[in-house]
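A short write-up of the structure that comes next.
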Amino acid sequence: DTTVKQNPRYKLARVGKPVNLICSQTMNHDTMYWYQKKPNQAPKLLLFYYDKILNREADTFEKFQSSRPNNSFCSLYIGSAGLEYSAMYLCASSTGQGATETLYFGSGTRLTVL
Amino acid sequence: GQQVQQSPASLVLQEGENAELQCNFSTSLNSMQWFYQRPGGSLVSLFYNPSGTKHSGRLTSTTVIKERRSSLHISSSQTTDSGTYLCALERSTGNYKYVFGAGTRLKVIA
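Next comes the structure, spelled out in structure tokens:
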């Protein structure tokens with residue numbers, strides 16, 4: 004099974020409320036990524052886990068948290084959603100920290116913040 | 287500035303026509319990939335192509351590292367080729383991670 008599963012497919016949140024998005028993969032991949040994609044923009048890397056090590060991008064460091072309790076599961080947590088968080092959130096996984104293998108993407112969670 | 291520039295931003299083709307999609311990088315790279323996304327679908331990897339030319343059916347990817355560019359050629363386009371094509375590069379410095387372009391939105395009409 005080479006799929007990355009994301010739940011939910013659609014998420015509605017209120018401004019100021021927390022949001023938790025979930026991703027899972029059963030390919031035993033070392034690395035799991037979270038990207039944010041807005042219409043007509045490039046997917047933007049928010050953070051990634053290599054094994055148990057979390058790497059967060061400098062410009063999103065304070066805005067997003069994540070946890071990876073086991074190899075298969077990774078969550079993305081927004082403590083207080085703002086309107087600017089409305090976007091598609093894409094989870095991906097790959098083997099290794101480098102790019103010797105392809106990225107496998109989930110179908111995404113479309114978050115709308117009202 | 288943007289590290290990955292894709293062109294054209296959008297393209298409309300008549301079925302049977304060929305297309306050449308471009309990806310230009312402003313930074314050195316370890317590798318790069320081309321992805322395809324059907325409307326409402328997941329991103330699917332088409333090519334992992336750090337250098338040289340690769341073929342897959344009607345698709346050909348060519349990466350020239352020295353010139354910091356990669357292209358995706360679609361021959362004899364079909365309506366099912368419609369969607370968004372994204373390129374992504376893995377930088378050779380800093381954290382190992384993929385940086386994406388904004389994509390080319392392709393529409394093939396019958």
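Read top to bottom, the protein sequences are chains S and G.
Read left to right, the first sequence gives residues 4 to 117 (our numbering).
Read left to right, the second sequence gives residues 287 to 396 (our numbering).
Using N, Cα and C, we set each Cβ at its ideal position, and we do this for glycine too.
Being a predicted model, the structure only gives us computed values, none of them experimental.
Item to complete: Output the residue ranges of the beta strand (DSSP E) runs that lie fully inside the segment 9-65 of chain S and measure 3 residues or longer, sorted by chain position.
Response: Correct list: 13-16, 22-28, 34-40, 47-53, 56-59.
Worksheet entry | Contact set between the segment 288-314 of chain G and chain S, restricted to residues whose Cβ is under 9 Å from the partner | Here the close residues are Gln288, Val290, Gln292, Ala295.
Worksheet item: Just reading off the beta strand (DSSP E) that Phe311 (chain G) is part of, what are its end residues?
Response: By 1-based counting over the second sequence, the position of residue 311 (chain G) is 25. Note, Phe311 (chain G): beta strand (DSSP E), 305-311.
Worksheet item: Going straight from the alpha carbon of Ile351 (chain G) to that of Ser97 (chain S), what length do you get?
Response: If you number the second sequence from 1, residue 351 (chain G) lands on position 65. If you number the first sequence from 1, residue 97 (chain S) lands on position 94. Looking at the two C-alpha atoms, the distance is approximately 23 Å.
Worksheet item: DSSP puts Phe321 (chain G) in a beta bridge; with which residues?
Response: Taking the second sequence and counting its residues from 1, the one referred to as residue 321 (chain G) is at position 35. Per DSSP, the beta bridge partners of Phe321 (chain G) are G:Ser331, G:Leu372.
Fill in: C-alpha gap between Arg59 (chain S) and Ser296 (chain G), whole angstroms
As a first step, residue 59 (chain S) must be located in the first sequence, where it is residue number 56. As a first step, residue 296 (chain G) must be located in the second sequence, where it is residue number 10. Linking Arg59 (chain S) to Ser296 (chain G) through their CA atoms gives a straight-line distance of about 32 Å.
Practice prompt. Would you list the one or two residues that DSSP bridges to Tyr88 (chain S)?
Written response: Your numbering for residue 88 (chain S) matches position 85 in the first sequence. Looking at the DSSP assignment, Tyr88 (chain S) forms no beta bridge with any residue, so it has no partner.
Discussion item. I want to see whether chain S comes within less than 9 Å of Gln319 (chain G), judged by CB atoms only; does it?
Written reply: Numbered from its first residue, the second sequence carries residue 319 (chain G) at position 33. Gln319 (chain G) counts as touching chain S.
Worksheet item: Got a sec, what are the start and stop residues for the beta strand (DSSP E) Leu117 (chain S) sits in?
Response: As a first step, residue 117 (chain S) must be located in the first sequence, where it is residue number 114. According to the DSSP assignment, Leu117 (chain S) belongs to no beta strand (DSSP E), since it is labelled neither H nor E.
Discussion item. On the criterion of 16 or more Cβ atoms from any shown chain inside 10 Å, does Thr366 (chain G) qualify as buried, or is it exposed?
Written reply: Position 80 of the second sequence holds residue 366 (chain G). Note on Thr366 (chain G): under 16 other CB atoms within 10 angstroms of its CB, so exposed under the neighbour-count rule.
Discussion item. Among S:Val7, S:Thr6, S:Tyr13, whose alpha-carbon lies nearest the alpha-carbon of Val116 (chain S)?
Written reply: As a first step, residue 116 (chain S) must be located in the first sequence, where it is residue number 113. Val116 (chain S) has its Cα closest to that of S:Tyr13, out of S:Val7, S:Thr6, S:Tyr13.
Worksheet item: Over what stretch of residues does the beta strand (DSSP E) that includes Phe67 (chain S) continue unbroken?
Response: For the purposes of this step, residue 67 (chain S) is identified with residue 64 of the first sequence, where counting begins at 1. Neither: Phe67 (chain S) is in no beta strand (DSSP E) and is coded neither H nor E.
Worksheet entry | Chain-order list of residues whose beta-carbon lies under 8 Å from that of Thr383 (chain G) (same chain, five-residue window excluded) | Translated into the one-based positions of the second sequence, residue 383 (chain G) becomes position 97. Reading the sequence as shown, one finds Lys at residue 383 (chain G) and not Thr. Hits under 8 Å: Glu376, Arg377.
Discussion item. I need the DSSP call for Ala102 (chain S), collapsed to helix, strand or coil.
Written reply: Taking the first residue of the first sequence as 1, we reach residue 102 (chain S) at position 99. For Ala102 (chain S), the predicted structure reports a pLDDT of 49, less than 50, and the residue's modelled location is therefore unreliable. A value from the coordinates is still provided. Reduced to three states, the DSSP call for Ala102 (chain S) is coil.
Fill in: Thr349 (chain G) to Thr313 (chain G) span [Cα, whole Å]
Numbered from its first residue, the second sequence carries residue 349 (chain G) at position 63. Numbered from its first residue, the second sequence carries residue 313 (chain G) at position 27. Annotation: Thr349 (chain G) to Thr313 (chain G) spans about 14 Å, alpha carbon to alpha carbon.
Discussion item. Which residue wins for smallest C-alpha separation from Gly369 (chain G), given the options G:Ser357, G:Ile395, G:Lys340, G:Ser337?
Written reply: Within the second sequence, residue 369 (chain G) is the residue found at index 83, counting from 1. With distances taken between Cα atoms, Gly369 (chain G) lies closest to G:Ile395.
Item to complete: Answer with buried or exposed for Gly326 (chain G), where buried requires no fewer than 16 other C-beta atoms within 10 angstroms of its C-beta.
Response: Translated into positions along the second sequence, residue 326 (chain G) becomes position 40. Within 10 angstroms of the beta-carbon of Gly326 (chain G) lie fewer than 16 other beta-carbons, which makes it exposed.
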